[in-house]
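Data first, discussion second: the structure below is written as structure tokens.
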Amino acid sequence: MKKLFFYCLVLLGVIFAFQFQSCQREPVYIGDLWVQPIDTLPIIIDTIPDDTIAWNLHPCDPDTVYFQKDVLPILISNCTMSGCHDVASHKEGVILVDYAHVLSTGGIKVSNPSNSKIYKSLFASGEDRMPQAPQPALTADQKAVILKWITQGAQDLTCDDCTTDNVTFAGSIAPLLKTHCEGCHGNVNPGGSIQLLNYNQIITQVDNGKLLGAVDHQAGFKPMPPNVSKMPACYIEQIQLWINDGAPNN
Ligand code: HEC
-19 MKKLFFYCLV
-9 LLGVIFAFQF
1 QSCQREPVYI
11 GDLWVQPIDT
21 LPIIIDTIPD
31 DTIAWNLHPC
41 DPDTVYFQKD
51 VLPILISNCT
61 MSGCHDVASH
71 KEGVILVDYA
81 HVLSTGGIKV
91 SNPSNSKIYK
101 SLFASGEDRM
111 PQAPQPALTA
121 DQKAVILKWI
131 TQGAQDLTCD
141 DCTTDNVTFA
151 GSIAPLLKTH
161 CEGCHGNVNP
171 GGSIQLLNYN
181 QIITQVDNGK
191 LLGAVDHQAG
201 FKPMPPNVSK
211 MPACYIEQIQ
221 LWINDGAPNN
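With the working numbering applied, the sequence shown covers -19 to 230.
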């Protein structure tokens, strides 16, 4: 009888040990996180180093239109030249130099996005069309960005995808200048008779020292883009790094 009792104890012990072990489940890797399932409440173990999180605090979502990154450069490069929608000229009361002014003077209608004044004016005819002739109309892509921004609530969202790693002409500088400068330094009435459409035109402004002086708002240069705030520091750093590297056509 004592023996039977002993065997029962051993058996209970084995069952107990097995049960206990079955609770020690392996952590599961889900996306960026290790999840440790214990009973029904998973404990999330964060394995991302802190500097990675800080570096990419606001990663850009490809389906979201960001005002500072996507919309403002279009408005500045096409609408805020002197005589148009800078603060000093404020044609028709419309000022398009920053978020607050765009919202208060641009006739934005979140409830009926395509009826917003700044959007409708892109399709108007004659003198009402913006930008006015002889400036070319915005491209279909630029118009779509503005409409999508209003449709998504016309918010002042920011994100960070600018990096100073591996700066190249084709990958960084050309797209940067295309977005921020081409509207005023293209084929039609280029500002200061300076065109910035290709490597040769851009390198001319590097060699005479004006490109960096202008975007960095240095003394003795015309601040670019004019009538608005300096571009974000990361963009200016990209230009600086590329020039320090010998401004290669890479
Ligand atoms: C809203 C129109 C506009 C935008 C946007 C603009 N520019 Fe200009 N830019 C001008 C005008 C106009 C001049 C001539 C200014 C003058 O002579 O007073 C000029 C002059 C310049 C000059 C000569 C500066 C000097 O000191 O002589 C450079 C270089 C330049 N722009 C580069 C740029 C770059 C790079 C960008 C984009 C980051 C840019 N511009 C965006 C209108 C613009």
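C-beta atoms are modelled at their ideal positions from N, C-alpha and C, and glycine is treated no differently.
Give the secondary structure of residue i by DSSP, where H, G and I count as helix, E and B as strand, and everything else as coil.
{"i": "I88", "result": "coil"}
{"i": "A113", "result": "coil"}
{"i": "C164", "result": "coil"}
{"i": "D196", "result": "coil"}
{"i": "G63", "result": "coil"}
{"i": "A34", "result": "The pLDDT assigned to A34 is 45, lower than 50, so where the model puts this residue is not dependable, and the model offers no usable value."}
{"i": "V186", "result": "helix"}
{"i": "P212", "result": "coil"}
{"i": "G151", "result": "helix"}
{"i": "L191", "result": "helix"}
Taking residue i as the reference, which of the options has the closest Cα?
{"i": "L137", "options": "Q175, N230, N229, V51", "result": "V51"}
{"i": "A120", "options": "I54, P206, N169", "result": "I54"}
{"i": "T131", "options": "K123, P212, P93, M110", "result": "P93"}
{"i": "A134", "options": "Q122, S91, C214, V208", "result": "S91"}
{"i": "Q220", "options": "N146, D43, P170, S209", "result": "N146"}
{"i": "G171", "options": "C142, P203, N188", "result": "P203"}
{"i": "Y179", "options": "C164, I153, W129, V195", "result": "I153"}
{"i": "P42", "options": "C139, L156, G226", "result": "C139"}
Taking 7 Å as the line, does the beta carbon of residue i fall inside it for any heavy atom of the ligand HEC?
{"i": "Q185", "result": "yes"}
{"i": "S91", "result": "no"}
{"i": "S96", "result": "no"}
{"i": "A194", "result": "yes"}
{"i": "S69", "result": "no"}
{"i": "S57", "result": "yes"}
For residue i, report the span of its alpha helix (DSSP H) as first-last.
{"i": "L137", "result": "Element bounds for L137: n/a, residue is neither H nor E."}
{"i": "S173", "result": "S173 -> no alpha helix (DSSP H), and no H or E assigned at all."}
{"i": "Q48", "result": "Counting along the chain, Q48 falls outside any alpha helix (DSSP H), and DSSP gives it neither H nor E."}
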